[in-house]
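Data block below; observations after.
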Amino acid sequence: MKICIFCSANWQIDPEFFEQTKELGEWAAKEGHTIVYGGVNQGLMECIGKATHEAGGQTIGVVPILVERQGRASQYNDVEIPCDNLNDRKQLMQDQSDVFIALPGGIGTLDEIFTIAASATIGYHSKLVILYNMKGFWDSLIHMLDDLNSKGMTRKNWRTYIQVANSLEDIVKLLA
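Per the numbering used here, the sequence shown starts with residue 9, numbered consecutively.
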């Protein structure tokens with residue numbers, strides 16, 4: 009399976025996020041899954057790439073040319089797919105992947121989550137998005153999505169397109 013990871017490219021975040029990200033990358037490699045990710049050498053992106061690569065798994069980094077020029081592409085990209093911009097990156101990641109897991113992240117991660125989920129609501133694909141709710145990171149987003157549902161702002165319950173996992177064990181169950 010090709011598992012796309014959306015996540016932070018920042019280093020100054022909770023160290024436990026790095027521990028759980030490493031665990032996910034090692035698990036994916038052990039199970040023979042390929043990790044598709046942003047391919048950057050910073051933060052959780054570097055962590056997932058390194059953990060997967062060093063555990064013998066394959067990584068596919070989808071790297072904007074601007075990022076490549078700045079020297080920020082990870083050395084742990086087994087395959088590197090260059091792209092023109094973030095819109096191209098999201099489309100290439102969607103095309104390359106079977107499922108999407110969102111680790112803690114910021115505006116870019118939110119953009120990726122909602123682009124993939126919104127395209128599923130219209131019927132472009134039926135691929136699952138999983139919020140990896142490390143230490144309750146996504147709790148406020150989950151609350152907001154529940155609020156949107158209660159106000160009739162979503163055609164179906166948002167959990168039709170987005171699932172929540174609080175542990176690696178939850179992810180394994182959702183992918184089974």
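A virtual CB, placed ideally from N, CA and C, is assigned to each residue, including glycine. Source: prediction; values computed, not measured.
Opposing strand residues paired with residue 137 [DSSP bridges]: What you label residue 137 is simply residue 129 of the sequence shown in a count that begins at 1. Residue 137 is bridged to 108 and 170.
Nearest-angstrom beta carbon gap, residue 98 and residue 123 [assumed within contact, 8 Å]: By one-based count along the sequence shown, residue 123 stands at place 115. By one-based count along the sequence shown, residue 98 stands at place 90. That pair is a contact at about 5 Å.
Pick from 36, 19 and 119 that is closest to residue 177, judged by C-alpha positions: Taking the first residue of the sequence shown as position 1, residue 177 is located at position 169. It is 36 whose Cα lies nearest to the Cα of residue 177.
Backbone CA spacing between residue 12 and residue 49 [nearest angstrom]: Here residue 12 is taken as the residue at index 4 of the sequence shown, counted from 1. Here residue 49 is taken as the residue at index 41 of the sequence shown, counted from 1. Cα to Cα, the separation comes out at about 16 Å.
Alpha-carbon to alpha-carbon, residue 54 and residue 20: Here residue 20 corresponds to residue number 12 of the sequence shown, with the count starting at 1. Here residue 54 corresponds to residue number 46 of the sequence shown, with the count starting at 1. Residue 20 and residue 54: Cα-Cα distance of roughly 13 Å.
Buried versus exposed call for residue 105 [16 or more other C-beta atoms within 10 Å across all chains shown]: Here residue 105 is taken as the residue at index 97 of the sequence shown, counted from 1. Residue 105 comes out buried.
Residue 80 versus residue 69: straight-line alpha-carbon distance, rounded: As a first step, residue 80 must be located in the sequence shown, where it is residue number 72. As a first step, residue 69 must be located in the sequence shown, where it is residue number 61. Their Cα atoms are separated by approximately 11 Å.
Sub-8 Å separation of residue 125 and residue 169 beta-carbons: As a working note, residue 125 is residue 117 in the sequence shown. As a working note, residue 169 is residue 161 in the sequence shown. Yes, Cβ-Cβ distance for residue 125 and residue 169 is below 8 Å.
Whether residue 205 touches residue 171 by CB criterion (8 Å): Lying outside 9 to 184, the shown extent of the chain, residue 205 is not represented and no answer is given.
Where the alpha helix (DSSP H) through residue 14 begins and ends: Taking the sequence shown and counting its residues from 1, one reaches residue 14 at position 6. Segment 10-14 is the beta strand (DSSP E) holding residue 14; no alpha helix (DSSP H) there.
Residue closest to residue 30, alpha-carbon to alpha-carbon, out of 23, 44 and 56: As a working mapping, residue 30 is identified with position 22 in the sequence shown. Ranking 23, 44 and 56 by Cα distance to residue 30 puts 56 first.
Short Cβ contact (8 Å threshold) for residue 136 with residue 180: Here residue 136 refers to the residue found at position 128 when the sequence shown is read from its first residue. Here residue 180 refers to the residue found at position 172 when the sequence shown is read from its first residue. No; because the gap between Cβ atoms is not below 8 Å, this pair is not in contact.
Residue 9 to residue 43 span [Cα, whole Å]: The residue labelled residue 9 in the question sits at position 1 within the sequence shown. The residue labelled residue 43 in the question sits at position 35 within the sequence shown. Roughly 9 Å separates the two Cα atoms.
Closest residue to residue 15 among 74, 46 and 149 (Cα-Cα distance): For the purposes of this step, residue 15 is identified with residue 7 of the sequence shown, where counting begins at 1. The residue with the shortest Cα to Cα distance from residue 15 is 46.
Spatial distance of residue 17 from residue 103 (CA atoms): For the purposes of this step, residue 17 is taken as the residue at position 9 of the sequence shown. For the purposes of this step, residue 103 is taken as the residue at position 95 of the sequence shown. Between residue 17 and residue 103, the C-alpha separation is close to 22 Å.
Sequence ranges, beta strand (DSSP E) only - wholly within the segment 27-90, length at least 3: 42-45 and 66-72
Of the listed residues 41, 154, 151 and 90, nearest to residue 73 (C-alpha basis): Start at 1 with the first residue of the sequence shown, and residue 73 comes out as number 65. Per the Cα distances, 90.
Among 155, 131 and 71, nearest to residue 96 - alpha-carbon criterion: As a working note, residue 96 is residue 88 in the sequence shown. With distances taken between Cα atoms, residue 96 lies closest to 71.
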